[in-house]
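Engineer: Mind looking over this structure? Questions follow.
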Amino acid sequence: MGFSKKTQMESGLDSDSKKWVIAGIAVRSLKPINTKHLSDDEEEACSTTPTAKEARIPEKLPCPPAPRKRRPSRCNNLGGVREFFTPPDLETVFKCHVEKAK
1 MGFSKKTQME SGLDSDSKKW VIAGIAVRSL KPINTKHLSD DEEEACSTTP
51 TAKEARIPEK LPCPPAPRKR RPSRCNNLGG VREFFTPPDL ETVFKCHVEK
101 AK
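Heads up: the sequence shown begins at 1 in the UniProt record's numbering, then just goes up one per residue.
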């Protein structure tokens, strides 16, 4: 992506249009940017950053407290006694199917 060795006249462009050929792409030269200094009256009319004490950020903000561990819930253990329903015909549903080896 280097510069082309061709001059402006060799590339077929006028010297009046002030174009340069870089890597086969015609590029126009940039226009100059004119800046002028503001007078004292115009400087006062511009907006400025507020410098009052109320507008400043506090120098040191306090850190939030550390997170606390949650208390364990008390609903999990109801006296340690668990009751299960056992229907009388449960044994008939699950039969032992054992084949004898020959």
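We treat Cβ as the ideally placed atom computed from N, Cα and C, and that holds for glycine. The structure displayed is predicted, hence computed values, not measured ones.
What residues are listed by DSSP as bridge partners for R70?
Structural biologist: Along the sequence shown, read from residue 1 onward, the residue named residue 70 stands at position 70. The partner list for R70 (beta bridge, DSSP) is empty, contrary to what the question assumes.
Engineer: On the DSSP bridge list, what partners appear for I25?
Structural biologist: Here residue 25 refers to the residue found at position 25 when the sequence shown is read from its first residue. BP columns for I25 point to I22.
Engineer: Could you give the residue range of the alpha helix (DSSP H) that holds T92?
Structural biologist: Reading the sequence shown from its first residue, position 92 is the one you call residue 92. T92 -> alpha helix (DSSP H) spans L90 to V93.
Engineer: Determine the direct distance from the alpha carbon of E54 to that of T48, and round the result to whole angstroms.
Structural biologist: By one-based count along the sequence shown, residue 48 stands at place 48. By one-based count along the sequence shown, residue 54 stands at place 54. Between T48 and E54, the C-alpha separation is close to 15 Å.
Engineer: Rounded to the nearest angstrom, what separates T51 and P72 at their Cα positions?
Structural biologist: As a first step, residue 51 must be located in the sequence shown, where it is residue number 51. As a first step, residue 72 must be located in the sequence shown, where it is residue number 72. Rounded to the nearest angstrom, the two C-alpha atoms are 51 Å apart.
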